[in-house]
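In what follows, a single structure is set out as structure tokens and then discussed.
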Amino acid sequence: MAEVITMPRLSDTMTEGKVAKWHKNVGDKVKEGDILAEIETDKAVQDFESEINGTLLYIGVEEGSAAAVDSVLAIIGNEGEDISGLTGGAAAPAAGGSEEKKSEEESKTENSATSVEQTSAEVPAGVEIITMPRLSDTMTEGKVAKWHKNVGDTVKEGDLLAEIETDKAVQDFESEFNGVLLKQGVEEGGAAPVDSVLAIIGPEGTDVSAVGAPKAAAQSTEKPAEQKTEAKAEEKAAPAVSSSSSDRVAISPLAKKMAQDKGVDINSVNGSGENGRIVKKDIENYQPSQAQAQPAASAPAAAQVALSFVQGEDTETPNSQVRNIIAKRLAESKFSAPHYYLMVEINMDKAIEARKEINSLPDTKISFNDMIIKATAVALRKHPQVNSSWAGDKVIHRGNINVGVAVAIPDGLVVPVLKNTDQMNYTQISAAVKDMATRAKNKGLKANEMEGSTFSVSNLGMFGIETFTSIINQPNSAILSVGAIIEKPIVKDGQIVVGNIMKLSLACDHRVVDGATGAQFLQTLKTYLESPLTLLL
């Protein structure tokens, strides 16, 4: 008997879903666990799997279209089964569904025509069209930061084709096909919409001139291959677009996943693969050393790209995708959320003593920032209102405490997230922060590692900044700004003595966090930092 599959509610704020992509067509066999479609919600694009076996008889929402939660998404049943009663006679059963399938394919072609002007007849045999991938849930276009293959180069499955810059990070993009790179649809340094032509791979010598180009390419006339090569050379020579391959780590996808699972810093692994690429056996045989922690020590010092000053000469630096999206989101946060600020001074004398004792233990080294993150996470347990988000007609109280840690990179600022921070110990926090800071500097963070924060911490103390205020990282309702520890005269037991003082500033969204609530949170945090043993209670 046929089963009606409805549009699922994939997030607590979701009211409708958009079908980003169908993985099954009408008439296809479906097994339990097969991916039916990719559903785009208000927060992310998620795979939607089938829970039943059968044949896909009906698709209720076309690819690229949206529908309300609980509306008919698809119908699965026995091949040839009559489903007119379930669809109100609006669709023919799959047994005679060739016309329906054909119309769906035509619809898909029309939807994709806005970004790729082509038909299946124009694509020569054996040729694969690679489109600009959607590498994050908010990505609408991608920028090619660097091509690793040129036209005419042989490409194997798993080879690194290009580095794609999204609105959140720069990510490696690997080929899924074997062949020769016949065309680059986007020039190095250029941007193109998601799903437009990124590259074409096929047999050597194949003519692909008839294959349509993306709309983004229409803004500039096609250059001969020699001119493209010269343009790339000029771009590489320009100081504003410096991107050395030595800053990146060549690693296979399997090895990268194994390294993440084992907590191995890939920057400290020597690759035995082709051109020094890290492969599976390198991670399996890896032995940690003391030198492993050295690169991470300098990670917080990452800042904007250094520019040369020339008297009387104005220069320009094109904005990266990361900087553009940072500007957009910070402006939205500042002008949509009513910020207010609370400041407090912390006596760090006992925290300094506690850190010395902890770091005297073998193979242990934590920073003051690690202690602040831990104390913040535990304080959020007692003040869940600060760990909440504004959602228009309601406030969402987050069930997990995920602290985002602001890290400066040459392109601006990224906020990697420590999931379930309150359940982590000092050593785990220290290792995670060092790893993420290093990979952020090397543009090695994944998009999902910068999502899901419920509170954020920004620390400029290492630069000697005593106090500052930050803009809230939406959808958080607060962000903590951490200043430097400064020796100052303080009054203690009626006597003026030297104390180690650190200033904290809490920026709050007044729609969610009232003044008294923010002040109580800071009081709790102050207690934890001035008396570190209270964290154990």
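Residues 23 to 559 (this note's numbering) are what the sequence shown spells out, left to right. Positions of the beta carbon are idealized from the N, C-alpha and C atoms, including for glycine.
7 Å CB neighbourhood of residue i in its chain, flanking five on each side removed
i	result
His405	Thr539, Gln542, Phe543, Thr546
Val145	Ile151, Val233
Val94	Val26, Thr28, Gly82
Ala277	Ile300, Val301, Lys302, Asp304, Ile305
Asp194	Leu182, Glu185
Val520	Glu509, Pro511
Pro246	For Pro246, the predicted structure reports a pLDDT of 41, less than 50, and the residue's modelled location is therefore unreliable. A value from the coordinates is still provided. Excluding positions up to five away in sequence, the list is empty.
Asn356	The sequence shown places Lys at residue 356, not Asn. So the list reads Ile493, once near-sequence residues are dropped.
Backbone CA spacing between residue i and residue j [nearest angstrom]
i	j	result
Ser72	Met365	52 Å
Val208	Gly174	16 Å
Ser342	Pro438	19 Å
Thr136	Asp433	Per-residue confidence for Thr136 stands at a pLDDT of 44, beneath the threshold of 50, marking its modelled position as unreliable; the derived number appears in the next sentence. If I take the Cα positions, the gap works out to 31 Å.
Leu558	Asn369	19 Å
Ser499	Ala430	21 Å
Ile512	Leu528	23 Å
Leu440	Val504	17 Å
Thr37	Gly49	29 Å
Ala506	Thr176	53 Å
Gln407	Asp104	53 Å
Ile98	Pro155	29 Å
Ile451	Lys463	18 Å
Glu379	Asp385	13 Å
Glu488	Asp415	38 Å
Pro236	Ser478	Note that Pro236 scores a pLDDT of 42, beneath 50, so its modelled location is shaky; the value from the coordinates is reported in the next line. Approximately 39 Å between the Cα atoms of the pair.
Gly180	Glu473	27 Å
Gly107	Ala24	10 Å
Glu552	Asp371	7 Å
Cut-off 8 Å between Cβ atoms - residues of its own chain near residue i, not counting five sequence neighbours on either side
i	result
Thr556	Thr549, Tyr550
Ala272	Leu182, Gly293, Gly295, Asn297, Gly298, Arg299, Ile300
Glu306	Met280
Ser87	Lys40, Val41
Ile222	Val149, Glu150, Ile151, Ile152, Leu203, Leu204, Lys205, Gly207, Val230, Val233
Asn381	Lys387, Ile388
Ala453	Gly285
Lys4	Given that the chain is displayed from residue 23 to residue 559, the structure contains no residue 4 and the question cannot be resolved.
Ile518	Pro511, Ile512
Range covered by the beta strand (DSSP E) that runs through residue i
i	result
Gln496	Gln496 -> no beta strand (DSSP E), and no H or E assigned at all.
Thr77	76-81
Ser411	410-412
Val192	192-196
Tyr363	361-369
Ser527	517-531
Asn481	477-481
Gln206	201-206
Ala272	No beta strand (DSSP E) holds Ala272; DSSP gives it neither H nor E.
Val301	Per DSSP, Val301 belongs to no beta strand (DSSP E) and is neither H nor E.
Lys168	163-169
Val94	94-99
Ala469	First-last for Ala469: undefined, no H or E at that position.
Val67	67-71
Pro215	213-215
For residue i, the nearest candidate out of the options (CA to CA)
i	options	result
Gly82	Tyr363, Pro155, Val26	Val26
Ser410	Thr476, Thr337, Phe70, Ala59	Thr476
Ser290	Asp457, His361, Ile395, Ser197	Asp457
Lys396	Ala373, Lys468, Glu379, Trp412	Ala373
Ala90	His361, Asp287, Glu62	Glu62
Gly426	Asp392, Phe490, Thr449, Ala413	Asp392
Leu79	Asp69, Lys46, Glu85, Asp92	Lys46
Arg31	Ser355, Thr491, Asp56, Phe70	Phe70
Thr162	Ser218, Asn200, Ala359	Ser218
Gly224	Leu108, Gly55, Ala147	Ala147
Asp536	Asn172, Pro360, Asn100, Gln309	Pro360
Lys178	Lys171, Met446, Gly201	Gly201
Neighbourhood of residue i by C-beta distance below 6 Å, restricted to the same chain and skipping five residues each side
i	result
Ile523	Glu367, Ile508, Lys510
Asn481	Asn391, Val504
Val417	Ser410, Val534
Leu352	Ile493
Ala443	The identity of residue 443 in the sequence shown is Thr, whereas the question assumes Ala. Only Ala399, Ile423, Val425 meet the Cβ criterion.
Ser142	Any reading at Ser142 is ruled out, since the residue's pLDDT is 43, under 50, leaving its predicted position unreliable.
Near the ligand NAD: residue i beta-carbon under 7 Å from a heavy atom
i	result
Val26	In the structure on display, the ligand NAD does not appear, and there are no ligands present to speak of.
Delimiting residues of the alpha helix (DSSP H) encompassing residue i
i	result
Glu552	537-552
Gly107	106-109
Pro392	For the record, residue 392 in the displayed sequence is Asp; it is not Pro. Run containing Asp392: 390-404, per the alpha helix (DSSP H) assignment.
Thr15	What is shown of the chain runs 23 to 559, which leaves residue 15 out entirely.
Ile186	It is not in any alpha helix (DSSP H) - Ile186 instead sits in the beta strand (DSSP E) that spans 182-187.
Thr449	448-463
Any C-beta of chain C under 8 Å from that of residue i
i	result
Ala430	Given the protein chain composition of this structure (a single chain), no chain C is represented.
As an exercise, report each continuous alpha helix (DSSP H) stretch of at least 4 residues that is fully enclosed by the stretch 417-446, in chain order.
none
Beta strand (DSSP E) runs contained entirely in the stretch 24-59, provided each spans 3 or more residues
Within the stretch 24-59, the complete beta strand (DSSP E) segments at least 3 residues long are 25-28, 38-44, listed from N- to C-terminus.
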